[in-house]
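Heads up: the structure comes next, in structure tokens.
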Amino acid sequence: MRVTLMICLRPGCSNSALLHFTADLADRLDAEVVGIAGCQPIVIATSEDWAIGDVVGQDRLQMQREIEAARNEFMTMPGLRSHAPQWRSHVTPANLSTYVAREARCADLLIVGAMQDPPHARPARDVDGGTLVLEAGRPVLLVPSASATLPLAQVLVAWKDTREARRAVLDALPLLRLARRVAVVEIAPAIDEDAARHRVADVSHWLHRHGIESAASVSRSYGEDANELASVAQEMGADLLVAGAYGHGRLREWVLGGMSRDMLLHVEHCTLLSH
-13 MRVTLMICLR
-3 PGCSNSALLH
7 FTADLADRLD
17 AEVVGIAGCQ
27 PIVIATSEDW
37 AIGDVVGQDR
47 LQMQREIEAA
57 RNEFMTMPGL
67 RSHAPQWRSH
77 VTPANLSTYV
87 AREARCADLL
97 IVGAMQDPPH
107 ARPARDVDGG
117 TLVLEAGRPV
127 LLVPSASATL
137 PLAQVLVAWK
147 DTREARRAVL
157 DALPLLRLAR
167 RVAVVEIAPA
177 IDEDAARHRV
187 ADVSHWLHRH
197 GIESAASVSR
207 SYGEDANELA
217 SVAQEMGADL
227 LVAGAYGHGR
237 LREWVLGGMS
247 RDMLLHVEHC
257 TLLSH
């Protein structure tokens, strides 16, 4: 079975690092690759100004130029030529993440650059990773801007006994099979440590039945689990983090805070999220 990767390109920007990352991963997975990009047209309030038509026309030409440049960057990437590259793009007033999520029906894994900080975010050109994770029904691999490869020397599975975590570790199996080392870690309060050890042992044994050896452990929670997870990942030298996303719902996480929100906003490692 040949898998399909879908890479989300940012119109109007260089996508070189993300393209090299995708080409390298496609080589190791023997995958086909679909490139996708979208733009939202400029929103103009009602006006009788005759020049509005010129602004709309200029915006349309700019979107066409940016999408065509992204397409050329994708189709001329030497490392993708042997991976049956396909291209999709659309100009839509709808949310760009919703557009990509609909097109994800043809892919096994979505590859997206890490979300930009507010001063650099471009909602009319960039996909929102949180919305995509919720709507795609496919795993989403968030890639830091500086990453051009995925070494897979150490993978950290952030376990939590939720549907989303079970989905994530299943979705990650093709990558886990390529990894040199895999660790399954649950962050738990002292009162729950014994139960947590039983849970991660179950996951490790399940991975063993799939031909993947892993080390299972529990890290004690002292407050913010996201900070503890970041510390564990740093200590292990993890180059991929696997986790379930939005087990408590996105609204609650954005209002009250949560691990999914923190992982989306502070992507220091390649992170595979599933919902």
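Just so we're aligned: the sequence shown equals residues -13 to 261 in the numbering used here. C-beta atoms are modelled at their ideal positions from N, C-alpha and C, and glycine is treated no differently.
Item to check | Alpha carbon of residue 80 to alpha carbon of residue 26, nearest angstrom | outcome: 7 Å
Checklist entry - Which residues mark the beginning and the end of the beta strand (DSSP E) in which residue 138 is found? => result Counting along the chain, residue 138 falls outside any beta strand (DSSP E), and DSSP gives it neither H nor E.
Next on the checklist: Quick check on DSSP: helix, strand or coil for residue 173?
Outcome noted: When secondary structure is reduced to three states using DSSP, residue 173 falls in the strand class.
Item to check | C-alpha distance - residue 211 paired with residue 180, whole-angstrom precision | outcome: Between the alpha carbons of residue 211 and residue 180 lies a gap of roughly 18 Å.
Item to check | Neighbourhood of residue -4 by C-beta distance below 7 Å, restricted to the same chain and skipping five residues each side | outcome: 99, 111 and 112
Item to check | residue 75, enclosing beta strand (DSSP E) - first and last residue | outcome: Where residue 75 is concerned, the enclosing beta strand (DSSP E) stretches over 72 to 77.
Item to check | Residue span of the alpha helix (DSSP H) that contains residue 116, given as start and end | outcome: 115 to 122 is the extent of the alpha helix (DSSP H) around residue 116.
Checklist entry - What is the residue span of the beta strand (DSSP E) that residue 19 lies within? => result 18 to 25
Next on the checklist: Among 138, 217, 93 and 155, whose alpha-carbon lies nearest the alpha-carbon of residue 206?
Outcome noted: 217
Item to check | Contact set for residue 131: own chain, Cβ-Cβ below 7 Å, skip 5 residues either direction | outcome: 3, 99 and 100
Checklist entry - Just curious, the alpha helix (DSSP H) that residue 126 is in, first and last residue? => result No alpha helix (DSSP H) holds residue 126; the beta strand (DSSP E) holding it covers 126 to 129.
Next on the checklist: In the DSSP output, which residue or residues are listed as bridge partners for residue 144?
Outcome noted: 171
Checklist entry - Out of curiosity, what's the CA-to-CA distance linking residue 238 and residue 124? => result Here the model assigns residue 238 a pLDDT of 43, short of 50, so the residue's position is not dependable and the matter cannot be decided.
Checklist entry - Among the residues of its own chain, which have a CB less than 8 Å from the CB of residue 175, if the five just before and after it don't count? => result These residues qualify, in order along the chain: 206 and 207.
Next on the checklist: According to DSSP, is residue 226 part of a helix, a strand, or is it coil?
Outcome noted: Note: residue 226 maps to strand in three-state DSSP.
Item to check | Identified DSSP bridge partners for residue 275 | outcome: Within the shown structure, residues of the chain are numbered from -13 to 261, placing residue 275 beyond reach of any answer.
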